[in-house]
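Q:
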Amino acid sequence: MRAALASTARAAAELLGGPQAALIRECEADPCTRLYLDASHRRTRRWCDMRGCGNRAKAAAFRARQHG
Numbered sequence: 001m002r003a004a005l006a007s008t009a010r011a012a013a014e015l016l017g018g019p020q021a022a023l024i025r026e027c028e029a030d031p032c033t034r035l036y037l038d039a040s041h042r043r044t045r046r047w048c049d050m051r052g053c054g055n056r057a058k059a060a061a062f063r064a065r066q067h068g
């Protein structure tokens, strides 16, 4: 268990201290607080997962447009 935790901590430190740190984003969906690495082509990803958070956000926006 300690070895796995140490490995995870080491990988996180390398990510946060490296050039990809600028690609770390927080999911825009409420109340999600997950972090993700935005590897999208234009770096415009908004949600941690399109099937969950992204789908709920888009469905809510659609309902809001339909009901004025």
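Quick note: the sequence shown uses the UniProt record's numbering, first residue 1, plus one each step. All residues carry an ideal CB built from backbone N, CA and C; glycine is no exception. Given the structure is predicted, the values throughout are model-derived calculations rather than measurements.
#1: Taking residue 15 as part of the alpha helix (DSSP H), name the residues at either end of that continuous run.
#2: What are the start and end residues of each continuous alpha helix (DSSP H) run of 4 or more residues lying completely inside the UniProt domain "Zinc finger CGNR" (24-66), in chain order?
#3: Return the residue from the list 4, 22, 18 that minimises the CA-CA distance to residue 38.
#4: Under 9 Å between the Cβ atoms of residue 29 and residue 47?
#5: For residue 31, which option in 7, 41, 56, 20 has the closest C-alpha, if you only look at C-alpha atoms?
A: Taking the coordinates as given:
#1: Element bounds for residue 15: 2-17.
#2: As summarised for the UniProt domain "Zinc finger CGNR" (24-66), the continuous alpha helix (DSSP H) elements at least 4 residues long and confined to that stretch are 55-66, given in chain order.
#3: Sorting 4, 22, 18 by C-alpha distance to the C-alpha of residue 38 places 22 at the top.
#4: Between residue 29 and residue 47, the C-beta gap is smaller than 9 Å, which places the two residues in contact.
#5: Of 7, 41, 56, 20, the smallest CA-CA separation from residue 31 is found for 56.
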